[in-house]
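Undergrad: Sending over a structure as structure tokens; questions will come in a sec.
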Amino acid sequence: MEIVVSGIRPTGNLHLGNYFGALKSFVKMQEENQCYFFIADYHSLTTHPIPADLHGNVKTVLVEFLACGLDPEKATLYIQSDLPETAELYLLLNMNAYIGELERCTSFKEKIRTQTDNVNAGLLTYPTLMAADIIIHRAARVPVGKDQEQHLEMTRTFANRFNRLYKVNYFPEPVAYNFGENLVKIPGLDGNLKMSKSDNENSAIYLADSAEVIRKKVMRAVTDSGPADQNKPRSQGVQNLFDLMSYFSSGETLNFFEDVYAAGSIRYGDMKKQLAEDIIRFTLPFREKMEALAADETYLRKVAKMGAEKARESASKTVREVREIIGFRQF
Ligand code: TYM
104 MEIVVSGIRP TGNLHLGNYF GALKSFVKMQ EENQCYFFIA DYHSLTTHPI
154 PADLHGNVKT VLVEFLACGL DPEKATLYIQ SDLPETAELY LLLNMNAYIG
204 ELERCTSFKE KIRTQTDNVN AGLLTYPTLM AADIIIHRAA RVPVGKDQEQ
254 HLEMTRTFAN RFNRLYKVNY FPEPVAYNFG ENLVKIPGLD GNLKMSKSDN
304 ENSAIYLADS AEVIRKKVMR AVTDSGPADQ NKPRSQGVQN LFDLMSYFSS
354 GETLNFFEDV YAAGSIRYGD MKKQLAEDII RFTLPFREKM EALAADETYL
404 RKVAKMGAEK ARESASKTVR EVREIIGFRQ F
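Per our numbering, the very first residue in the sequence shown carries number 104; after that it's consecutive.
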């Protein structure tokens with residue numbers, strides 16, 4: 104039995120990338136491991152959400168966790184800000200995190216480019232907060248998508264550095280993990296390599312999207328003018344449609360469209376129609392469960408409270424021991 108930790112930022116509904124990159128593995132891992140899955144609301148502050156929206160965003164993700172099959176009796180489900188021990192460990196880790204390595208982080212460089220009006224210190228130290236989340240439970244595995252690989256690498260660096268600095272063998276070095284053989288990256292409908300929430304409303308399909316919305320988004324997906332030249336590589340948009348089909352459609356369907364593409368007679372409209380119906384079939388059961396869960400405030404409150412208590416048991420032990428190792432003593 105291993106200790107497993109992972110989190111998702113509450114910045115709106117969860118999309119299919121979140122599901123295949125993370126949640127699907129969470130659901131499997133909870134069966135045989137000691138799992139801690141949390142909603143990363145401290146992290147979401149790096150993008151300055153409006154206070155009136157914060158709680159609703161957290162509730163959305165909690166409902167979606169449960170609808171996807173996370174079981175609060177099997178895994179510890181909690182909200183990051185219910186665990187202030189994380190903030191203390193973050194502070195302590197920041198003392199041994201270097202500006203240069205934080206500035207080199209790809210996600211920070213990306214934020215400097217895209218969030219120019221709000222390059223805050225929380226963005227720079229995002230990886231130390233993430234490391235604190237993980238090592239506060241002394242986790243071995245972290246189910247995530249491929250985009251989080253570098254953050255995990257930094258977590259190992261910080262864990263290792265702490266051990267060396269204080270000459271202890273306290274923190275394990277956690278590894279990124281996805282139940283598929285490789286870390287997953289679900290592509291976007293807008294021709295981007297990664298499905299993500301972005302300014303482009305049509306990039307991501309959310310688990311909560313209605314059939315009508317899914318059809319509309321898929322039909323608008325970026326393609327090209329057709330497989331005119333077989334020797335040319337496929338455009339990214341078209342490749343993305345094939346990749347999405349490999350997740351949601353049957354092998355037979357995928358082969359059919361591969362064959363008509365190879366024959367040069369593909370109609371992207373037909374392919375999109377099929378893909379949309381397959382995605383709708385996949386997401387429908389989640390949507391039904393979400394509606395029921397969202398109405399049950401009493402149950403959600405109970406889940407959050409139980410999770411916070413269980414998570415704090417593990418986190419407070421770590422922080423107590425870390426203080427001891429660092430040399431804090433009571434008078
Ligand atoms: P976040 O909230 O951006 O995404 C949550 C999870 O979804 C995965 N994901 C994807 N996987 C595959 N394909 C995609 N297109 C795709 N888009 C998103 C992400 O890899 C992630 O697993 N920093 C984290 C949150 C976090 C965390 C942690 C994760 C905070 N502390 C500790 C693990 C452990 C983040 O921003 O994920």
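We treat Cβ as the ideally placed atom computed from N, Cα and C, and that holds for glycine.
Could you work out which residue in P113, N221, Q339 and S184 is closest to D156 when comparing CA atoms only?
TA: As a position in the sequence shown, residue 156 is number 53, starting the count at 1. Measuring from the Cα of D156, the nearest candidate turns out to be P113.
Undergrad: Note down the Cα distance separating V161 from T231, rounded to an integer number of angstroms.
TA: Residue numbering aside, residue 161 sits at position 58 when the sequence shown is read from its first letter. Residue numbering aside, residue 231 sits at position 128 when the sequence shown is read from its first letter. Each residue's Cα considered, the two are about 22 Å apart.
Undergrad: Nearest to Y201 by CA position, among P152, R264 and S368, is which residue?
TA: What you label residue 201 is simply residue 98 of the sequence shown in a count that begins at 1. With distances taken between Cα atoms, Y201 lies closest to R264.
Undergrad: Identify every run of the alpha helix (DSSP H) within the region 188-236, keeping only runs that are complete inside it and at least 4 residues long; order them along the chain.
TA: Taking only runs of at least 4 residues, the alpha helix (DSSP H) segments lying wholly in the region 188-236 are 188-197, 202-206, 209-217 and 224-227.
Undergrad: Please go through the same chain and pick out, in chain order, the residues whose beta-carbon is closer than 6 Å to the beta-carbon of T326, but skip the five residues on each side of it.
TA: Locating residue 326 in the sequence shown gives position 223, where the first residue counts as 1. So the qualifying residues of the chain are G340, V341 and Y371.
Undergrad: Specify the secondary structure class of S301 as computed by DSSP and reduced to three states.
TA: As a first step, residue 301 is located in the sequence shown; it is residue number 198 there, counting from the start. The answer is coil: DSSP assigns S301 none of H, G, I, E or B.
Undergrad: Looking only at its own chain, which residues have a Cβ that is under 6 Å from the Cβ of I429, when we skip the five neighbours before and after it?
TA: Start at 1 with the first residue of the sequence shown, and residue 429 comes out as number 326. Contacts found: none.
Undergrad: List the endpoints of the continuous alpha helix (DSSP H) containing F359.
TA: Mapped onto the sequence shown, residue 359 falls at position 256. G354 to A365 is the span of the alpha helix (DSSP H), which, as asked, contains F359.
Undergrad: Any beta carbon of chain C sitting closer than 8 Å to that of K300?
TA: Among the chains of the structure shown, chain C does not appear; only one protein chain is present.
Undergrad: At a cut-off of 7 Å, would you count G372 as near the ligand TYM, judging by its Cβ distance to the nearest heavy atom?
TA: Taking the sequence shown and counting its residues from 1, one reaches residue 372 at position 269. G372 Cβ: outside cutoff for every heavy atom of the ligand TYM.
Undergrad: When the Cα of Y309 is compared with those of I383, Q253, Q433 and N343, which residue comes out closest?
TA: Position 206 of the sequence shown, counting from 1, holds the residue named residue 309. The candidate whose alpha carbon is nearest that of Y309 is I383.
Undergrad: Can you find a heavy atom of the ligand TYM that lies under 7 Å from the Cβ of Q133?
TA: Counting from 1 along the sequence shown, the entry for residue 133 is found at position 30. Q133: no, Cβ never under 7 Å from the ligand TYM.
Undergrad: Suppose contacts are defined by Cβ-Cβ distances below 8 Å. Is G248 in contact with T149 by that definition?
TA: Position 145 of the sequence shown, counted from the first residue, corresponds to residue 248. Position 46 of the sequence shown, counted from the first residue, corresponds to residue 149. The answer is no: Cβ separation not under 8 Å.
Undergrad: If you run the structure through DSSP and keep just helix, strand and coil, what is Q133?
TA: Along the sequence shown, one-based indexing puts residue 133 at 30. Coil, per DSSP.
Undergrad: Identify, in the order they occur along the chain, each residue of the same chain with its Cβ nearer than 8 Å to the Cβ of L357, setting aside the five sequence neighbours on each side.
TA: For the purposes of this step, residue 357 is identified with residue 254 of the sequence shown, where counting begins at 1. Hits under 8 Å: F345, M348 and S349.
Undergrad: Among F282, I182 and V406, which one has its Cα closest to the Cα of K131?
TA: Counted from its first residue, the sequence shown places residue 131 at position 28. Of the candidates F282, I182 and V406, the one whose C-alpha sits nearest the C-alpha of K131 is F282.
Undergrad: Compute every distance between the C-beta of D236 and the non-hydrogen atoms of the ligand TYM, then say whether any falls below 7 Å.
TA: Here residue 236 corresponds to residue number 133 of the sequence shown, with the count starting at 1. Checking the Cβ of D236 against the ligand TYM gives yes.
Undergrad: Would G120 and M233 be called neighbours here (beta carbons separated by less than 8 Å)?
TA: In the sequence shown, counting from the first residue as 1, residue 120 sits at position 17. In the sequence shown, counting from the first residue as 1, residue 233 sits at position 130. No.
Undergrad: Using a Cβ-Cβ cut-off of 6 Å (strictly less than) and excluding sequence neighbours within five positions of L117, which residues of its own chain qualify?
TA: Within the sequence shown, residue 117 is the residue found at index 14, counting from 1. E167 and L310.
Undergrad: Spatial neighbours of P277 within its chain, please: C-beta separation below 8 Å, excluding the five flanking residues on both sides.
TA: As a first step, residue 277 is located in the sequence shown; it is residue number 174 there, counting from the start. The residues are V108, I237, I238, A242, A243, R244, V245, L255, T258, R259 and A262.
Undergrad: Give me the Cα-Cα distance between E134 and E105, rounded to the nearest whole angstrom.
TA: Taking the sequence shown and counting its residues from 1, one reaches residue 134 at position 31. Taking the sequence shown and counting its residues from 1, one reaches residue 105 at position 2. If I take the Cα positions, the gap works out to 11 Å.
Undergrad: CB Y229 to CB S184, shorter than 8 Å?
TA: If you number the sequence shown from 1, residue 229 lands on position 126. If you number the sequence shown from 1, residue 184 lands on position 81. No; because the gap between Cβ atoms is not below 8 Å, this pair is not in contact.
Undergrad: Any heavy atom of the ligand TYM closer than 7 Å to the CB of N121?
TA: On the sequence shown, residue 121 is found 18 positions in, with the first residue counted as 1. Because some heavy atom of the ligand TYM lies under 7 Å away, the Cβ of N121 counts as near it: yes.
Undergrad: Terminal residues of the continuous alpha helix (DSSP H) containing G159?
TA: Sequence index remark: in the sequence shown, residue 159 carries index 56 (1-based). Note, G159: alpha helix (DSSP H), P154 to A170.
Undergrad: With distance defined between alpha-carbon atoms, name the residue in H158, P290, K413 and K335 nearest to S306.
TA: Looking up residue 306 in the sequence shown gives position 203. Out of H158, P290, K413 and K335, P290 has the C-alpha closest to the C-alpha of S306.
Undergrad: Would you list the residues sitting across from S109 in a DSSP beta bridge?
TA: Within the sequence shown, the letter at position 6 stands for residue 109. Per DSSP, F140.
Undergrad: Report yes if the C-beta of D156 is less than 7 Å from at least one heavy atom of the ligand TYM; otherwise report no.
TA: Taking the first residue of the sequence shown as 1, we reach residue 156 at position 53. False, no ligand heavy atom lies under 7 Å from that Cβ.
Undergrad: Please name the residue, chosen from R318, M393 and L169, that lies closest to Q377 on a Cα-to-Cα basis.
TA: Translated into positions along the sequence shown, residue 377 becomes position 274. Of R318, M393 and L169, the residue nearest in Cα terms is R318.
Undergrad: What did DSSP end up calling V271 once you bin it into helix, strand or coil?
TA: Locating residue 271 in the sequence shown gives position 168, counting from the first residue. In the structure shown, V271 sits in coil (DSSP, three-state: anything other than H, G, I, E or B).
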